[in-house]
Each structure stands twice: as C-alpha cells, then as structure tokens.
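Quick note: the sequence shown uses numbering that gives the first Met the number 0, first residue 0, plus one each step. Glycine residues also receive a C-beta, built at the ideal position from the N, C-alpha and C atoms.
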Amino acid sequence: MVLLTTSSISNFLLALFITSSLTPTVGPSHRPWPEELPEELQALDIGPRTRIDPDVTTRSSTDFGRLMHALPAAVLYPSSVHDIMTLVQFSYSSSKPFTIAPRGHGHSLRGQALAPHGVVIEMTSMRNGGCDGEPRLSVSPEGSYVDAGGEQFWIDVLQETLKYGLAPRSWTDYLYLTVGGTLSNAGVSGQAFLHGPQISSVYELDVITGKGEMVTCSEDQEPDLFFAVLGGLGQFGIITRARIALEPAPQMVRWVRLIYMNFEAFARDQEKLISLDDGKKGFNYVEGSILMHHNVGNNWRSSFFPERDLGRISSLAAQHGAVYCLEGARYYDKAMVHMVDKELESLLEALSFMPGFAFKNDVTYTRFLNRVRDGELKLRSQGLWNVPHPWLNIFVPRSRIIDFDRGIFKSILRHDNSMGPILIYPMNRNKWDRRTSAVIPDEEIFYSIGLLWSGVHAWEWLEDQNKEILHFCNQAGINHKQYLPHYTTQADWMKHFGSKWDIFVERKRRYDPKALLSPGQQIFTSSMADNSCSKF
Numbered sequence: 000m001v002l003l004t005t006s007s008i009s010n011f012l013l014a015l016f017i018t019s020s021l022t023p024t025v026g027p028s029h030r031p032w033p034e035e036l037p038e039e040l041q042a043l044d045i046g047p048r049t050r051i052d053p054d055v056t057t058r059s060s061t062d063f064g065r066l067m068h069a070l071p072a073a074v075l076y077p078s079s080v081h082d083i084m085t086l087v088q089f090s091y092s093s094s095k096p097f098t099i100a101p102r103g104h105g106h107s108l109r110g111q112a113l114a115p116h117g118v119v120i121e122m123t124s125m126r127n128g129g130c131d132g133e134p135r136l137s138v139s140p141e142g143s144y145v146d147a148g149g150e151q152f153w154i155d156v157l158q159e160t161l162k163y164g165l166a167p168r169s170w171t172d173y174l175y176l177t178v179g180g181t182l183s184n185a186g187v188s189g190q191a192f193l194h195g196p197q198i199s200s201v202y203e204l205d206v207i208t209g210k211g212e213m214v215t216c217s218e219d220q221e222p223d224l225f226f227a228v229l230g231g232l233g234q235f236g237i238i239t240r241a242r243i244a245l246e247p248a249p250q251m252v253r254w255v256r257l258i259y260m261n262f263e264a265f266a267r268d269q270e271k272l273i274s275l276d277d278g279k280k281g282f283n284y285v286e287g288s289i290l291m292h293h294n295v296g297n298n299w300r301s302s303f304f305p306e307r308d309l310g311r312i313s314s315l316a317a318q319h320g321a322v323y324c325l326e327g328a329r330y331y332d333k334a335m336v337h338m339v340d341k342e343l344e345s346l347l348e349a350l351s352f353m354p355g356f357a358f359k360n361d362v363t364y365t366r367f368l369n370r371v372r373d374g375e376l377k378l379r380s381q382g383l384w385n386v387p388h389p390w391l392n393i394f395v396p397r398s399r400i401i402d403f404d405r406g407i408f409k410s411i412l413r414h415d416n417s418m419g420p421i422l423i424y425p426m427n428r429n430k431w432d433r434r435t436s437a438v439i440p441d442e443e444i445f446y447s448i449g450l451l452w453s454g455v456h457a458w459e460w461l462e463d464q465n466k467e468i469l470h471f472c473n474q475a476g477i478n479h480k481q482y483l484p485h486y487t488t489q490a491d492w493m494k495h496f497g498s499k500w501d502i503f504v505e506r507k508r509r510y511d512p513k514a515l516l517s518p519g520q521q522i523f524t525s526s527m528a529d530n531s532c533s534k535f
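Rendered as structure tokens:
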C-alpha cells in the first residue's frame with residue numbers, strides 16, 4: 000500500500016472538499032425520472048422500492064434539526080441488506096455516480112442524513128425484518144451479546160435483550176435513535192465515564208463500503224475498517240449489523256439530583272464520582288445540567304422534581320441567575336434496596352451540594368433509560384417537538400471548564416431566554432479507544448456540554464449565540480471539539496480531526512473512493528473518479 004504524502008493529501012482534499020453548503024430545494028408537483036440518476040436504476044430489482052414522488056422525497060429532505068433542507072432525487076425503502084448493496088454497487092460502477100445517505104430516525108441536526116440530488120436510504124423500512132428472512136435482532140445469552148441491525152432503534156434493542164435479563168451497558172439519553180446512527184458518531188450519555196461511549200462496546204460490524212462490498216469487521220478481522228466506521232460520521236460505510244456487548248440488567252434505579260450554587264463544587268463532585276471507576280462503589284450514571292433562572296420549569300428534564308420543590312429551585316435560580324444540578328443513578332435489584340440506601344447515604348455525605356436540596360426517585364430500569372420519551376410526547380402534544388433545534392454539542396477539556404463556566408454560563412447565557420436543557424458532565428478519556436475515528440480533547444478528563452435549544456420562533460438568534468460561544472472558545476484558546484460536528488471549511492475539518500486527519504482521508508480513499516456516502520456531512524464531494532485516486 001502506498002501512503003499519502005502531505006502534498007498528495009493536500010491535492011486530494013482540494014479535489015474532494017465541498018465548497019458550497021446545502022441549499023433549500025423544492026420539488027415540482029409531478030416528477031419524471033430525475034435527470035440526476037441513471038435511468039438504468041429503474042430496471043434493477045430495487046426499482047419498485049426506489050421512490051421519486053414529491054411527497055416521499057420531501058419527507059426525506061430535512062431532519063430533526065430543521066435547519067437545513069436538501070431534496071434527494073429518490074428514496075430507497077430497502078427490504079433487505081442486499082437492496083442496499085445493489086444500490087451502492089450500481090452507483091459505484093455507473094458512469095453517472097450519485098451520492099447516497101443512510102437515514103435512520105432522521106435525528107441528525109444539520110443535514111448529516113441528507114443526500115442533495117442523490118438517494119436517501121430509509122433504513123427503518125427493515126426495522127421489522129427484511130424479506131430475506133434473517134432476524135434483525137438476535138440475542139446470544141451465552142456470548143452476552145446482541146446482533147442488531149443498523150436500522151434498529153435502541154428501544155428495540157433494550158426490549159429484546161431484557162427478555163434474557165441482559166442489556167447493553169452504554170446508552171444515549173434518547174432511545175429512539177438507530178444503532179447505525181449513534182455508532183457512526185460515538186453514542187454518549189451518563190454511563191460513558193464508566194463504560195465509554197457506545198462505540199466502546201461493539202464486538203463486530205457488518206458494513207457496506209462505498210464500493211458496495213459487504214465486509215464483516217472487528218478488532219481482529221479487517222480492523223482498519225472496523226475502527227474507521229466507529230465514530231466515522233458515515234464516511235466509510237453503511238452499518239447494517241452491530242454485535243454489541245451485554246451485561247446483566249438491573250431491575251431498579253435509584254435516581255438522584257443534587258443542587259449546587261457553586262460551579263467549582265459542582266464540577267469537583269462530578270469528577271470525584273467518575274473517579275470511582277466501579278459502579279458497585281458509586282453511581283452507574285453521572286450527568287449534570289445548568290438550570291438558568293428563566294428555564295427551570297420549561298424543559299423536559301424538570302419533570303423529575305415535584306411541583307413544590309421545583310418552585311424552591313426556581314426561586315434559588317432567580318436569586319443567583321442559575322444553579323447547577325448534579326444527576327446520578329445507582330442500579331440495583333429489589334432485594335438490594337436496603338444495601339443501596341446505606342451505600343447511597345455514605346456516598347452523599349462526601350458531596351458538597353446545598354443542604355435540603357437532594358431529591359431522589361426510584362424507578363424501573365426501563366423507565367430510567369427511556370426517560371426522555373415522556374418529555375418528547377409532552378412536547379409533541381404542545382407542537383414543540385417538530386421545530387428547529389439549533390443544538391450545540393461540544394467537548395471541553397477539564398483544565399478549561401472553569402473558564403467556560405465564567406465566559407458562557409455566567410456571561411453569554413446569563414440573560415438568555417432560550418428554551419431547552421443545558422447538559423454538562425465529565426468523562427474519562429481512557430474509556431475511549433483512540434483507534435476509532437471519534438475525536439475528543441487531549442486530557443484525561445473532559446466535559447460533554449449540550450446546549451439543546453428549541454427555536455420555536457427565533458432560531459436564527461440561537462444560531463448567532465452558538466457562533467458567539469464558539470468564538471469565545473477560540474479566542475480564549477479553549478481546545479474544544481464538536482460532537483455531532485458541523486463545519487463548512489476545509490481548515491475547520493482539518494483542525495477538528497487534528498492528528499487523525501491524514502488517516503481519515505486515507506480511509507476515505509480506501510473505502511469510499513468516489514465519495515458517495517453521507518454527503519450531508521460536507522466533508523467530501525463525489526466529483527472524484529477511481530483513476531484520480533489511483534496515484535495516491
């Protein structure tokens with residue numbers, strides 16, 4: 000294999016990189032076969048499942064973020080993995096190649112699952128099983144793993160594995176996301192400090208590369224592709240199956256929230272809790288949030304608190320502008336409840352939260368993991384779910400988290416009136432495998448910060464605020480990394496990947512040389528042919 004030189008990488012990038020962002024597109028009321036796609040596609044066995052009618056393409060032209068719109072030329076509803084292979088192979092071998100984007104639940108934020116003028120694959124059409132008869136969810140109790148189709152929701156995975164008393168050990172906060180979607184990013188939540196992100200719990204993958212080849216890969220078999228795809232933003236292949244590690248599932252969760260007025264004490268206690276690298280001694284889950292004076296009661300996380308306690312917290316936040324909420328959870332079985340009471344009491348005695356502001360709930364394990372669902376249904380009933388979501392998710396190194404608090408929470412956001420939770424919690428770098436494509440700060444402890452805005456009316460203003468936050472970080476020299484990254488310049492993508500950039504480009508050349516996959520990330524363009532790669 001010939002390695003890329005710095006000079007050849009630069010030339011390759013100039014040929015590849017997209018120079019314009021996704022733009023709004025509106026389809027006509029009736030469409031003939033789109034000129035962007037080869038007519039031969041109609042004659043393939045996937046032709047009848049390849050839809051071009053405007054109502055279908057319009058549904059696949061936006062995502063949860065509702066910030067970007069791009070109309071695909073067609074939408075494939077696969078009935079099997081073979082359908083996906085057929086589509087990719089056809090595009091790769093065609094004299095008129097087109098881009099392809101797998102779409103799960105469409106929960107991306109900035110067009111990452113869009114394929115302007117290309118083909119969107121609605122992966123969830125296989126969610127209830129494909130026509131090939133192969134099960135899309137299969138649990139091995141003996142091996143303590145589950146084989147899950149890339150299109151499966153995590154709630155499906157949970158419900159199936161619980162039948163065997165087992166469950167994955169690392170989660171996202173929201174379970175109505177697909178396996179392939181979260182593994183293409185990382186998959187983080189409050190368990191990540193203990194078990195790493197979801198990509199740290201994967202044994203094996205089935206991947207369809209940008210050449211249309213089906214490859215089974217793992218740490219021992221085709222490891223380069225395996226680690227490329229994990230956190231790879233969909234750039235190297237389409238995940239059609241993941242083998243995910245399982246552990247015994249607990250029955251119950253002791254769910255705790257503690258209120259702080261002092262950020263330093265809040266952060267110090269969070270870091271103390273994640274240093275207890277054993278769920279038997281401390282919490283199995285650690286997160287945190289900022290409760291600004293104006294939004295204590297207007298986001299879905301507030302439903303944890305009884306109404307009278309919510310009033311006390313609101314009053315406290317009004318006095319001080321904001322308060323900090325440390326959130327922890329301890330898993331247990333019903334027979335262990337008295338032991339949990341004693342151990343939790345000892346644990347809380349070592350923390351510095353405000354006296355009288357410790358709140359506890361006992362819920363089932365399923366109820367805890369699926370906690371966001373109730374908030375979603377409530378927002379849907381109020382017409383507040385399908386609105387623009389100009390979210391900003393970043394990782395901040397521990398050494399600069401106090402600066403971030405002072406510059407962002409106590410300054411830029413102090414007089415902000417936006418809706419939505421603000422999450423903040425630390426993670427341990429040693430739980431992340433550096434061989435994956437995922438990018439995190441170069442410190443042993445770093446914080447995940449999620450500004451989960453809902454832009455009901457003035458989402459443009461929230462976008463400007465996000466830019467102000469990023470500008471502050473850049474000016475202050477805070478070496479942050481975006482999670483669910485979105486950039487529009489080559490320089491920003493190179494800065495984001497840092498030392499991983501050269502290998503990221505080399506892997507793109509190797510597994511998707513025509514840059515067909517996931518164009519909505521706006522990293523590469525499909526203008527490159529095979530022969531332009533051969534010299535690298």
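For residue 387 and residue 182, the rounded distance between their alpha carbons: Roughly 24 Å between the two C-alpha positions.
Round the Cβ separation of residue 477 and residue 399 to the nearest angstrom and send it over; I've been treating them as touching at under 8 Å. About 5 Å separates the beta carbon of residue 477 from that of residue 399, a gap short enough to meet the 8 Å contact definition.
Three-state secondary structure assigned by DSSP to residue 122: Three-state result, residue 122: helix.
Taking only three categories from DSSP, how would you classify residue 78? Residue state, collapsed to three classes: coil.
Neighbourhood of residue 109 by C-beta, 7 Å cutoff - its chain only, sequence neighbours within 5 removed: In chain order, 64, 66, 67 and 485 place their CB closer than 7 Å to the CB of residue 109, counting only its own chain and leaving out the 5 sequence neighbours on each side.
Output needed for residue 449: all residues of its chain with C-beta closer than 6 Å, excluding positions within five of it in sequence on either side, in chain order. Excluding sequence neighbours, residue 449 sits near 392 and 422.
Can the beta-carbon of residue 436 be found closer than 7 Å to that of residue 209? Note that the C-beta distance between residue 436 and residue 209 is not below 7 Å.
CA-to-CA distance, residue 204 to residue 432, given in whole angstroms: Looking at the two C-alpha atoms, the distance is approximately 16 Å.
Just verifying my parser: in three-state terms, what is the DSSP assignment at residue 97? Coil.
Around the Cβ of residue 337, are there at least 16 other Cβ atoms within 10 angstroms (buried) or fewer (exposed)? So residue 337 ends up on the exposed side.
With distances taken from CA atoms, which of 72, 111 and 93 is nearest residue 487? Nearest of 72, 111 and 93 to residue 487, Cα basis: 111.
Who are the near neighbours of residue 180 in its chain, counting only those whose CB is closer than 6 Å to its CB and skipping five residues on each side? Once the five neighbours on either side are set aside, the close Cβ partners of residue 180 are 103.
N- and C-terminal bounds of the beta strand (DSSP E) containing residue 301: Looking at the DSSP string, residue 301 is not in any beta strand (DSSP E), and its letter there is neither H nor E.
Going by C-alpha distance, which of 319, 341, 312 and 378 is nearest residue 354? Distances from the CA of residue 354 to each of 319, 341, 312 and 378 were compared; the closest alpha carbon is that of 312.
DSSP three-state call for residue 266: helix, strand or coil? The answer is helix: DSSP assigns residue 266 an H, G or I state.
If residue 85 sits next to residue 36, beta carbons under 8 Å apart, how far is it from one beta carbon to the other, in whole angstroms? Contact annotation, residue 85 with residue 36: C-beta distance approximately 14 Å; criterion of less than 8 Å not satisfied.
Which of the three DSSP states is assigned to residue 334 in this structure? Collapsing the DSSP output to three states places residue 334 in a helix.
Return yes when the Cβ of residue 480 is within less than 7 Å of the Cβ of residue 522, no when it is not. Inclusion of residue 522 and residue 480 in the CB contact set at 7 Å is not warranted, their separation being larger than that value.
Measure the Cβ-Cβ separation of residue 146 and residue 240 and say whether it is below 7 Å. In this structure, residue 240 lies closer than 7 Å to residue 146 by Cβ.
Give the range of the beta strand (DSSP E) segment to which residue 146 is assigned. 144-148 is the extent of the beta strand (DSSP E) around residue 146.
Assign residue 31 to one of three DSSP states: helix, strand, or coil. DSSP, reduced to helix, strand and coil, places residue 31 outside both helices and strands of the structure shown, so it counts as coil.
Nonlocal neighbours in the same chain, by C-beta distance under 6 Å from residue 315, ignoring five residues either side: Excluding its 5 nearest sequence neighbours in each direction, residue 315 has C-beta neighbours in its own chain below 6 Å: 322, listed in chain order.
Can you tell me which of 452, 407, 429 and 428 puts its alpha carbon nearest to the alpha carbon of residue 417? Among 452, 407, 429 and 428, the Cα nearest to that of residue 417 is on 452.
List the residues that DSSP assigns as beta-bridge partners of residue 246. Residue pairing by DSSP places residue 246 opposite 166 in a beta bridge.
Between which two residues does the alpha helix (DSSP H) carrying residue 316 extend? Under the DSSP assignment, residue 316 falls in the alpha helix (DSSP H) whose first and last residues are 306-319.
Residue 148: which of 426, 162, 344 and 176 sits nearest, CA to CA? When only C-alpha atoms are compared, the closest one is 176.
Every unbroken alpha helix (DSSP H) inside the region 154-201 [4 residues or more]: With a minimum length of 4 residues, the continuous alpha helix (DSSP H) runs that stay inside the region 154-201 are 178-182 and 191-194.
Is the distance from the Cβ of residue 407 to the Cβ of residue 468 below 7 Å? Contact: yes.
Following the continuous beta strand (DSSP E) through residue 39, name the residue where it begins and the one where it ends. Unbroken run through residue 39: none, as it is neither H nor E.
Same chain, Cβ closer than 6 Å to residue 173, neighbours up to 5 away in sequence not counted: Contacts found: 371.
What residue range does the beta strand (DSSP E) around residue 357 cover? 357-363 is the extent of the beta strand (DSSP E) around residue 357.
By Cβ distance below 6 Å, which residues in the same chain neighbour residue 506 in space, the five residues on each side in sequence not counted? Within the same chain, residue 506 has close Cβ partners 227 and 235.
Contact between the region 255-268 and the region 214-227 (3+ Cβ pairs under 8 Å): In short, these stretches do not touch, since the Cβ pair count stays below three.
Which first and last residues belong to the beta strand (DSSP E) in which residue 256 is found? Per DSSP, the continuous beta strand (DSSP E) segment holding residue 256 begins and ends at 251-259.
Please return the same chain residues whose Cβ sits closer than 6 Å to the Cβ of residue 413, not counting the five positions on each side in sequence. So the list reads 320, once near-sequence residues are dropped.
Among 317, 498 and 255, which residue has its Cα nearest to the Cα of residue 350? With distances taken between Cα atoms, residue 350 lies closest to 255.
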